[in-house]
Amino acid sequence: MRSELQKPGIANLSLPPSLVWEQVMASLHEAHPNATLQTIARLPSIAIIKYARTQATGSDAFRAIESSPTRNVAENDPRPFLQFSVVHTIGCGLHRGVGFGHPELIRLLRYSNAAIYIDGTFKMVPAPFRQCLIVMVKDLGVDVYVPAMYVLMDSKHQDAYWNALNFVIIQTGRLLEPATVTCDFERGLMNAVIEQFPLVKIMGCLFHWKQALRRKMVELRIPQDQIAAALSSGMVDVLTIIPVAEIAD
């Protein structure tokens with residue numbers, strides 16, 4: 001069974017090891033419905049697949065990223081999903097940025113006065129990257145934000161954000177000129193947005209604002225029931241729609 005795990009695991013580097021194991025198990029049971037099979041459990045199988053991939057790619061994450069199953073939209077769709085893989089300098093250091101996006105969704109970024117939402121995730125990121133920056137755009141046809149591009153970054157420096165946004169702009173043929181950008185309150189990201197889009201209206205993310213309020217209230221040792229009441233719908237979040245001049249000190 002080891003070889004049965006290794007072959008599909010190497011052939012399709014974009015398929016999660018757990019799914020490789022499930023597919024192999026299903027194919028074995030289908031091929032031998034009445035036989036007693038000596039199989040390998042899920043966790044050891046995942047370790048086997050990961051080791052085989054490491055041996056096949058020389059532990060080169062970028063080689064895996066640029067492989068055909070990952071580079072293209074799908075096996076039967078040769079359009080590029082990998083949009084850029086670049087190295088840029090920040091000071092004396094070299095930093096890497098890798099951008100992915102479906103061509104049809106990137107096309108939405110080209111509409112004038114688009115509403116953009118930018119968020120970053122740090123938990124689900126492959127090494128050696130530190131975060132995945134997600135650029136979402138509001139699709140007016142369905143009135144929801146859809147993820148247009150994902151950018152793997154190995155730095156949270158302002159210049160890294162500037163470069164990430166610059167390469168996203170390039171993918172749109174330099175037509176990206178949003179009317180609004182919603183993001184968290186990270187200063188480096190906000191500065192990069194202002195530099196790239198001087199006329200844009202920046203709106204802080206309500207979720208991140210309320211999370212910051214929660215952390216501060218916990219720091220001030222405010223009782224949990226009072227924190228829950230303050231953060232409930234219709235309380236402090238109402239401040240976001242009241243003109244500043246009408247808010248009492």
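Under the UniProt record's numbering, the first residue of the sequence shown carries the number 1, and numbering increases by one thereafter. All residues carry an ideal CB built from backbone N, CA and C; glycine is no exception.
Closest by C-alpha distance to A74, when choosing among G101, S232 and L43: Of the listed residues, the one whose Cα sits closest to A74 is G101.
Straight-line Cα distance separating G204 from T39: Rounded to the nearest angstrom, the two C-alpha atoms are 52 Å apart.
Inter-residue CB distance, V144 and L105 (contact presumed, cutoff 8 Å): The C-beta distance from V144 to L105 rounds to 12 Å, too long to fall under 8 Å, and the pair is not in contact.
Short Cβ contact (7 Å threshold) for G188 with M149: In this structure, M149 does not lie closer than 7 Å to G188 by Cβ.
L105: first and last residue of the uninterrupted alpha helix (DSSP H) it sits in: L105 -> alpha helix (DSSP H) spans P103 to I106.
Whole-angstrom distance between F122 and F197, CA atom to CA atom: If you draw a straight line from the Cα of F197 to the Cα of F122, it is about 25 Å long.
Residue range of the beta strand (DSSP E) that includes R215: It is not in any beta strand (DSSP E) - R215 instead sits in the alpha helix (DSSP H) that spans L206 to E219.
Sequence-distant residues of its chain with Cβ nearer than 6 Å to P78 (five each side left out): In chain order, N72 place their CB closer than 6 Å to the CB of P78, counting only its own chain and leaving out the 5 sequence neighbours on each side.
Alpha carbon of I170 to alpha carbon of P44, nearest angstrom: Cα atoms of I170 and P44: separation of roughly 43 Å, rounded to the nearest angstrom.
G120 beta carbon less than 7 Å from that of L133: It is a contact, given that the beta carbons lie within the stated cut-off.
Distance CB(A52)-CB(G9) smaller than 7 Å: Yes, the Cβ-Cβ distance between A52 and G9 is below 7 Å.
Classification of F167 by the beta-carbon crowding that lies within 10 angstroms, buried from 16 upward: With 16 or more Cβ atoms within 10 Å of its Cβ, F167 is classed as buried.
Boundaries (first-last residue) of the alpha helix (DSSP H) holding K123: Per DSSP, K123 belongs to no alpha helix (DSSP H) and is neither H nor E.
Inter-residue Cα distance where the pair is E30 and E4: If I take the Cα positions, the gap works out to 14 Å.
Option nearest C92 by Cα separation, candidates P80, D159 and T36: Out of P80, D159 and T36, D159 has the C-alpha closest to the C-alpha of C92.
For Y117 and M136, believed in contact at Cβ under 8 Å, the rounded distance: Indeed they touch by this definition, with Cβ atoms about 4 Å apart.
Start-end ranges of the beta strand (DSSP E) lying completely within the region 105-185, minimum 3 residues: Counting only runs of 3+ residues, the beta strand (DSSP E) found wholly inside the region 105-185 occupies 115-121, 131-139, 144-153 and 180-183, in chain order.
Pick from L206, A230 and L165 that is closest to M217, judged by C-alpha positions: Nearest option by C-alpha distance: A230.
Length of the line joining the Cα atoms of A34 and A26: The displayed chain sequence assigns Asn, not Ala, to residue 34. Rounded to the nearest whole angstrom, the CA to CA distance from N34 to A26 is 13 Å.
Test item: CB-CB of V181 and V151 under 7 Å: Going by C-beta atoms, V181 is not nearer than 7 Å to V151.
With 16 other Cβ atoms within 10 Å as the buried cut-off, status of I48: The residue in question, I48, is buried, as its Cβ has 16 or more Cβ neighbours within 10 Å.
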